[in-house]
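The opening residue of the sequence shown carries number 65 in this note's numbering; numbering runs sequentially from there. Even glycine gets a Cβ: it sits at the ideal position worked out from N, Cα and C. One structure is given below, encoded as C-alpha cells.
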Amino acid sequence: MMKGGLGGLMKQAQQMQQNMQKAQAELANVEVEGQAGSGMVKVTMTCAHEVRRVSLDDSVFSDDKE
C-alpha cells in the first residue's frame, strides 16, 4: 500500500460525509406537493419528510355521498 493511502481514503470519506450533509440541508428546504381525489386533498412536504401544509377541500366534509 502506498504511503498515505489510508490517510487519503479517510480524507475522501470525510469530504463525502460533508457533501452528504450539505445535500441533506439543501433538500430540507425543497418542498413537494402530492394530491389525491382530483385535488381535494393536498399535502406539501419537504424532502426531509416534514409536513408543511395539508389542504382539504370543503367537499370532503360534506355528507352528500355520490
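Mind reading off the beta-carbon distance from D121 to M104? Whole number of angstroms is fine, and I expect it under 8 Å.
The pair is a contact, with the Cβ atoms about 4 Å apart (cut-off 8 Å).
Note down the Cα distance separating G71 from A87, rounded to an integer number of angstroms.
Cα to Cα, the separation comes out at about 24 Å.
Exposed or buried, which one is M65 when buried takes at least 16 other CB atoms within 10 Å?
In this prediction, M65 scores a pLDDT of 49, lower than 50, which makes its location untrustworthy; the coordinate-derived value is nonetheless stated afterwards. Under this definition M65 is an exposed residue.
I'd like to know whether the C-beta atoms of T108 and E95 end up nearer to each other than 7 Å.
The answer is yes: Cβ separation under 7 Å.
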